[in-house]
Amino acid sequence: MTVAESLVDLESVRTLLAHSDPDGRLVPCDLRSLVVGSGALGATAAAVESLVPAKPGGARRVVVLVDETPIRRGSEDVKSAVLEMLAADSETQLVVLTDGHAELHVTEQVVDGAIEACRGADVVVAVGGGTISDIGKLAAAALPGLPVVTVMTAASVDGYTDNVSVTLKDGVKRTVPSVWPDVVIADAETVAGAPARMNRAGYGEMTSMYVAPADWRLASLIGVDTSFHPGPIRLLDALSAELDACASGVGTGEPQAVQRLTWALALRGIATGVAGSTACLSGVEHLVSHMLDLRAAQLGLATGLHGEQVGAGSVVAACAWEMLRDRLAGARMPAVVTPVDPDAAQVRVREAFARLDPSGHIADECWRDYSRKLDRTAAAHEQISAVVADWGRHDSEVARLVRPARVIAAGLQAAGTPALLVDLGPDVDAGTARWAVENCALMRDRFTVVDLLTLLGWWETDDVDELLARVDAAVVSDRMSP
Ligand SMILES: [Zn+2]
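In case it helps, this note's numbering puts the sequence shown at residues 878 to 1359.
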């Protein structure tokens, strides 16, 4: 029996993690129950009852958080079904969150509204996609003791089963601590009925596991992030075969494959949560995605699908790793680490974001984070030089954490989700894709392969040209293969 086959329930995940964590350094997983499968929607009432038993006279108060997006399960309306189910022995209140836009954003105002609505509730049930799930967890974080049940309605992202939420701060996406949901329910019929493009995007989100762990390891090798731990990597390794097996079925919308993807996304979320850092699964590919989000928000365009952007970003990230490894292996002269000049860096940050936001607010927010990274990188200069000088010793470990770009691209294509940034839609042309890739390191304090390329003097215009050519080759060569 393979490890993947043995990961059949939450208990087996806990066992795997416990085996890889004899010192107990991982964050405990406080998710109590994970229900994925056919008919799982019916488990919502039992989940609420298990957390807060009904009070005599039906005084248990349940707030159901939703956005305005209609969610169907066959001919049934999912939100009404949940409300009806809970109304049998609870006082229920439906809270529809809106911020005046076609799609809801996790702004301070929206979160404050959710907190107010949940005040005094016995349980909150968040029904929807990643945004509603994030808001439910933030409301519970602000109201200690309030249990959260999340009913996930699409297999589009992995953020349901962890203890962090993505928020919008000064127009920039930031991940902040929230709480583990108590119960996560993924009803196969509801998820399979979500728009096919959303579930395919979930496959794209998964592919960050083929690149981000290498960035995470790099940051620990040079000493700027001490959170690296092999436990979450083991969990992700165990999911790899599962993901390969479901790619083409996700592409054709086959319910069994979508269910396997849902399960893989849920376990992947747990990997992030127990790692105690989103760095485990968020490196270059997420930075590229955040850049596109930031631009979309600023220009009033629709936000792209997170998983689609992450998938195409993963091909970019894998190519960045291939370029670094090829150059370090082929260098005729020892590579030299040159500290980044903070004044020049500040000009770069201002230039990168000026055309989006002339007021300078976005540049200020990004510079706050990027300058922190530069300070830490400067302090780690000797360690970085030592790692580069001794790269031969680290290369095989890093190589194990990165899949070849053409293999990632082939998986994305099988799953029917974009492998190239320019295939994301009309809002992302070649110039925008290049801008997002070229400047991705400037928006956040996370150290990645792009920061190392920058320190080695390998992130100039020509280098970005080479990287983008590598991306095209990785994707096109796959398209031409039989
Ligand atoms: Zn993600």
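Ideal Cβ positions, reconstructed from N, Cα and C, are used throughout, including at glycine. All values derive from a computational prediction rather than experimental measurement.
Notebook entry, point to check: For the putative contact between residue 1315 and residue 1299, defined by C-beta atoms under 8 Å, what is the C-beta separation to the nearest angstrom?
Noted result: The sequence position of residue 1315 within the sequence shown is 438, counting from 1. The sequence position of residue 1299 within the sequence shown is 422, counting from 1. That pair is no contact at about 15 Å.
Using C-beta distances below 8 Å, list every residue in its chain close to residue 881, excluding the 5 sequence neighbours before and after it, in chain order. Position 4 of the sequence shown holds residue 881. In this predicted model, residue 881 has a pLDDT of only 48, less than 50, meaning its place in the structure is not dependable; the value taken from the coordinates is given anyway. These residues qualify, in order along the chain: 1115, 1116, 1117, 1118, 1119.
Straight-line gap, residue 1304 to residue 1022 (C-alpha atoms, nearest Å): Within the sequence shown, numbered from 1, the residue matching residue 1304 stands at position 427. Within the sequence shown, numbered from 1, the residue matching residue 1022 stands at position 145. Computed Cα separation, rounded: 43 Å.
- [ ] Verify the contact flag: residue 1187, CB atom, against every heavy atom of ligand 1, threshold strictly below 6 Å.
- [x] Position 310 of the sequence shown, counted from the start, is the residue given in the question as residue 1187. Yes - ligand 1 has a heavy atom lying nearer than 6 Å to the Cβ of residue 1187.
Q.
For ligand 1, is there any heavy atom lying closer than 6 Å to the beta carbon of residue 1162?
A. Numbered from its first residue, the sequence shown carries residue 1162 at position 285. No, since every heavy atom of ligand 1 falls outside the 6 Å radius drawn around the Cβ of residue 1162.
| field | Cβ-Cβ distance between residue 1025 and residue 1001 below 7 Å | value | Your numbering for residue 1025 matches position 148 in the sequence shown. Your numbering for residue 1001 matches position 124 in the sequence shown. Yes, these two residues count as a Cβ contact at 7 Å.
Check your understanding: Just to confirm, does residue 1082 get its C-beta within under 6 Å of one of the non-hydrogen atoms of ligand 1?
Key -> Counting from 1 along the sequence shown, the entry for residue 1082 is found at position 205. Checking the Cβ of residue 1082 against ligand 1 gives yes.
_I'd like the span of the beta strand (DSSP E) that includes residue 1154, first residue to last._
Start at 1 with the first residue of the sequence shown, and residue 1154 comes out as number 277. Looking at the DSSP string, residue 1154 is not in any beta strand (DSSP E), and its letter there is neither H nor E.
Discussion item. Suppose contacts are defined by Cβ-Cβ distances below 7 Å. Is residue 1064 in contact with residue 1208 by that definition?
Written reply: Numbered from its first residue, the sequence shown carries residue 1064 at position 187. Numbered from its first residue, the sequence shown carries residue 1208 at position 331. Taking 7 Å as the Cβ cut-off, residue 1064 and residue 1208 do not qualify as a contacting pair.
request  = Determine, using beta carbons only, whether residue 949 and residue 1070 come nearer to each other than 7 Å.
outcome  = The sequence position of residue 949 within the sequence shown is 72, counting from 1. The sequence position of residue 1070 within the sequence shown is 193, counting from 1. Going by C-beta atoms, residue 949 is nearer than 7 Å to residue 1070.
| message | Counting C-beta neighbours from all protein chains within 10 Å, is the total for residue 1355 16 or more, i.e. buried, or is it exposed? | response | For the purposes of this step, residue 1355 is taken as the residue at position 478 of the sequence shown. Residue confidence for residue 1355 is low, a pLDDT of 47 falling below 50, so the modelled location carries little weight; the figure read from the coordinates is stated next. Buried, because 16 or more other Cβ atoms sit within 10 Å of the Cβ of residue 1355.
*Quick one: Cα of residue 1149 to Cα of residue 1034, how far?*
For the purposes of this step, residue 1149 is taken as the residue at position 272 of the sequence shown. For the purposes of this step, residue 1034 is taken as the residue at position 157 of the sequence shown. Approximately 12 Å between the Cα atoms of the pair.
> Candidates 960, 994, 1012, 963: which alpha carbon is nearest residue 983's?
Replying inline: Working through the sequence shown from its first residue, we reach residue 983 at position 106. If we check each option's Cα against that of residue 983, 1012 comes out closest.
query = Identify the residues that DSSP records as bridge partners of residue 1165: which are they?
reply = Numbered from 1 along the sequence shown, position 288 holds the residue referred to as residue 1165. In the DSSP output, where bridge partners are listed per residue, residue 1165 has none listed.
Could you tell me which of 1186, 911, 996 sits nearest to residue 1286, measuring between CA atoms? As a position in the sequence shown, residue 1286 is number 409, starting the count at 1. Of the listed residues, the one whose Cα sits closest to residue 1286 is 1186.
Q. Shortest alpha-carbon distance to residue 1061 belongs to which of 1075, 1109, 1004?
A. Taking the first residue of the sequence shown as position 1, residue 1061 is located at position 184. When only C-alpha atoms are compared, the closest one is 1004.
Practice prompt. Apply the 10 Å Cβ neighbour rule to residue 878 and answer buried if 16 or more other Cβ atoms are within range, or exposed otherwise.
Written response: Within the sequence shown, the letter at position 1 stands for residue 878. Confidence is the limiting factor: at residue 878 the pLDDT is only 41, short of 50, which leaves the residue's position unreliable, though a coordinate-based value still follows. Under this definition residue 878 is an exposed residue.
Does residue 922 pass the burial test, meaning 16 or more other C-beta atoms within 10 Å, or should it be called exposed? Translated into the one-based positions of the sequence shown, residue 922 becomes position 45. Residue 922 is buried by the Cβ-count criterion.
Since residue 1066 is in the alpha helix (DSSP H), which residue starts that stretch and which ends it? The residue labelled residue 1066 in the question sits at position 189 within the sequence shown. Segment 1065-1069, the alpha helix (DSSP H) holding residue 1066.
Q: Let me know the secondary structure DSSP gives residue 1054 once reduced to three states.
A: Translated into positions along the sequence shown, residue 1054 becomes position 177. It is a strand residue.
How should residue 1180 be labelled, buried or exposed, when 16 other C-beta atoms within 10 angstroms of its C-beta is the threshold for buried? In the sequence shown, counting from the first residue as 1, residue 1180 sits at position 303. Buried is the call here.
query = Excluding five sequence neighbours on each side, which residues of the same chain lie with their C-beta closer than 8 Å to the C-beta of residue 1050?
reply = Looking up residue 1050 in the sequence shown gives position 173. Closer than 8 Å at Cβ, skipping near neighbours: 1043, 1044, 1167, 1170, 1171.
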